[in-house]
Ligand SMILES: Nc1ncnc2c1ncn2[C@@H]1O[C@H](COP(=O)(O)OP(=O)(O)OP(=O)(O)O)[C@@H](O)[C@H]1O
Ligand SMILES: [Mg+2]
């Protein structure tokens, strides 16, 4: 199984993040707890600002020495393939195999065909649904986890980490056993007398959504947790003391102060969920086709590399727009009108 | 005529195995500035949190303006708290912080603006409306926290060591400002501090706390000059605590003895009888020192009689058993002509151990013959006492206070 195609794109966008952190699990996902979006923000910007002051020049030189190989590495392994892909997307495909070096925008025009547009739309929709479900489950989980005492925090954290010790693929096959006709879920429901015939959830849209939520919810939990962890609970008490009901105190104080965590959780959920094609593959059969599946198919089966590249470029642009949007809103200190 | 605004009745509170509040009683009068004074961990914050509703007592009642609010939510109580670390909302600017409670109550915009303006003027922070909390100094944050707590016009303002994080100079200044503010608003203040000087400076009444109970509640003067227990005496103004026996009472005066010597104490406030074991408190600034070379050979503690203290006696108590066989028995011819002199020299033998000069006061640490220490605070720097000198420590009878009467009774 190949890496989900979206991952190098995120890393590519983050300009050196892949090279700096380099810490990815076998699925190509960033490890939990790592503040991906943070390094996106600080990495290149800080380096660009640094050489301005004369005083620190010496230190800069030393810093440059360490940073340079990293940038070179990034350039070679991230920017290189990206540029290659970009070039590729403007070339023609050969009849049977390979490419013809001839400029064309045909690949991009092809995306505008209803079938492909619909795939993009479906992907966005599934990503939206996934993100919504992940938010609804992951936010309260992460928020309340931060309220636990140290001992329980550790235990819950361990429970959340354990799944990461196994390949996500193997865990997905677990879902097949649960979802298939007369599988664990069906038998449980029938035994409980809730249904009297197998539901056959496998290869349906809900199965894919559950798989997506399952795969992505830890990232939301960690993002919200790390932000709720820093929350000063005395502020909530101050709000209550000043006349806020528990909900008002949550909404005007806790929620506002954990919003950065929630937003990075949304980014960490939404973007990968457009590319996790293997979940749609395994749990959705042929019924759910996402952009990731399409790219995979064009690349591996149809052998239309330029078209696959064009699809990837569009997906990447969409993702970048979303990151830019996230940075925009999380960078704004005052969100007026929330209170 | 006392108008009680808040009453705590037998409040108990434990966290796990530790009992923090152990049957606390307190009545707070409307408009007064009352300070809870006590060492770290004695339960001051817990008491305040129970009043604010942030903590529910295990038993007991909180009666606010005649209404039992023990189990009411914090937002249902007409009290506001100024937290020790201010707890300003970091995502709101000064104006938004101050207007928080008003906005919750959906007060109209014009009124909010006016109230915020007034509050800022009151705490002398005009023009700071748009600053964020992290753009303010500690003292300014402090003022914002107070402004935020008073705009709601609470019946009681609870302040948990509001000046704890400020440096000494700013602290002094803020003490005065707070006191002025309290006078001007007429709001009841319940104030926490473990700085006794601050408590004495600002309060109408001080409640000295110990192990989850109030040891003494009274005006600063009462608590300072008439401490009821040795704990209060030690905590407020670090008084010297001495134990001994009453060996004679003469109307207003009682004679106090221990193996360091004798002293006279006032017996006006508390009735004592001869033979009673007592504890007395004497403030360092009341203790006078006399070099021992002025002393008479019969003087207790004189090197000639190190282990055989002799006592001046009083004819009022001729029946004291000890005196019947004592060489200084009143009728003893050699004694009579010396009595006055000895009385004049009443005091405790001590050796100067150490002296430090601070703030215009010479603080002399004395070691008594039983190894315990005593402090004398004298004015002037050029005093003839050096470590190792033998001295007599004495005081005016009315400056010694009988403490712990209930405990020793
Ligand atoms: N939530 C809690 N859980 C367990 N123990 C607590 C809790 N809150 C307070 N305590 C304990 O109760 C005791 C009294 O605490 P409190 O905060 O009231 O003291 P304090 O008088 O305000 O002290 P300080 O002057 O240091 O602020 C302490 O021993 C503290 O450890
Ligand atoms: Mg405290």
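Chains as they are written, first to last, in the numbering used here: chain E, 1 to 339; chain A, 1001 to 1409.
The beta carbon of each residue, even a glycine, is placed where N, CA and C say it ideally should be.
Closest in alpha carbon position to residue 206 of chain E, among E:152, E:91 and E:130, is E:130. If you look at residue 84 of chain E, you'll find it in the alpha helix (DSSP H) that goes 80–88. Taking the C-beta atoms as reference points, residue 1155 of chain A is found nearer than 8 Å to residue 1065 of chain A. A straight-line Cα-Cα distance of about 28 Å links residue 1018 of chain A and residue 1218 of chain A.
The alpha carbon of residue 132 of chain E has as its nearest neighbour, out of E:320, E:226, E:121 and E:212, the alpha carbon of E:212.
Partner residues in a beta bridge of residue 328 of chain E, as assigned by DSSP, do not exist. Here residue 1115 of chain A has 1102 and 1151 as same chain residues with Cβ atoms under 7 Å from its own Cβ, once five neighbours each way along the sequence are excluded. For residue 1007 of chain A, the three-state secondary structure derived from DSSP is strand. Contact annotation: residue 1033 of chain A and residue 1182 of chain A have beta-carbon atoms nearer than 8 Å. For the set E:142, E:226 and E:246, the Cα lying nearest the Cα of residue 235 of chain E is the one of E:246. Listed along chain E is no residue with a C-beta nearer than 8 Å to that of residue 1238 of chain A; the closest approach is about 33 Å. Residues of the segment 246–257 of chain E that bring their beta carbon within less than 9 Å of a beta carbon in chain A comprise 246, 248, 249, 252, 253, 256 and 257, in sequence order.
Between residue 1133 of chain A and chain E, the shortest Cβ-Cβ separation is not below 8 Å.
In this structure, A:1289 is the residue among A:1283, A:1289 and A:1169 with its C-alpha nearest to the C-alpha of residue 1346 of chain A. Taking the Cβ of residue 1243 of chain A as the reference point, every heavy atom of ligand 1 lies at 7 Å or farther away. Here the alpha carbon of residue 1389 of chain A sits roughly 22 Å from the alpha carbon of residue 1360 of chain A. The segment 275–284 of chain E makes no contact with the segment 68–75 of chain E: fewer than 3 CB pairs, one atom from each, lie closer than 8 Å.
A Cβ-Cβ contact shorter than 8 Å links residue 1198 of chain A with residue 1163 of chain A.
Taking C-beta atoms as the reference points, residue 1213 of chain A and residue 1023 of chain A count as a pair closer than 8 Å.
If you check the CB distance, residue 1081 of chain A and residue 1149 of chain A come in under 8 Å.
Straight through space, the alpha carbons of residue 1177 of chain A and residue 1253 of chain A are spaced by roughly 44 Å. Looking only at E:189, E:102, E:174 and E:317, the smallest Cα-Cα distance to residue 210 of chain E is reached by E:174. Comparing alpha-carbon positions, the option among E:104, E:252 and E:229 lying closest to residue 146 of chain E turns out to be E:229. About 7 Å separates the Cβ atoms of residue 1240 of chain A and residue 1287 of chain A, confirming a contact at the 8 Å cut-off. Not one heavy atom of ligand 2 falls within 7 Å of the beta-carbon of residue 1013 of chain A. Scanning its chain for C-beta atoms nearer than 8 Å, with the 5 sequence neighbours on each side dropped, one finds around residue 240 of chain E the residues 246 and 249, in chain order. Counting along the chain, residue 1291 of chain A sits inside the beta strand (DSSP E) bounded by residues 1288–1291. Identification of chain A residues near residue 235 of chain E by a Cβ-Cβ cut-off of 7 Å yields 1087 and 1089, ordered along the chain. When DSSP assignments are scanned along the segment 106–184 of chain E, the uninterrupted stretches of alpha helix (DSSP H) that are 4 or more residues long and fall wholly within it turn out to be 106–111, 114–145, 150–161 and 168–179.
Within the DSSP bridge table, the entry for residue 1081 of chain A names A:1158 as partners. Against chain E, the CB of residue 1083 of chain A has a partner CB under 8 Å away; the residue lies at that interface. Taking the CA atoms as reference points, residue 259 of chain E sits about 12 Å from residue 142 of chain E. Proximity of the beta carbon of residue 1044 of chain A to ligand 2 is indicated: a heavy atom of the ligand is located closer than 7 Å.
Of the heavy atoms belonging to ligand 1, at least one sits nearer than 7 Å to the Cβ of residue 1040 of chain A. Relative to ligand 2, residue 1161 of chain A has its C-beta within less than 7 Å of a heavy atom.
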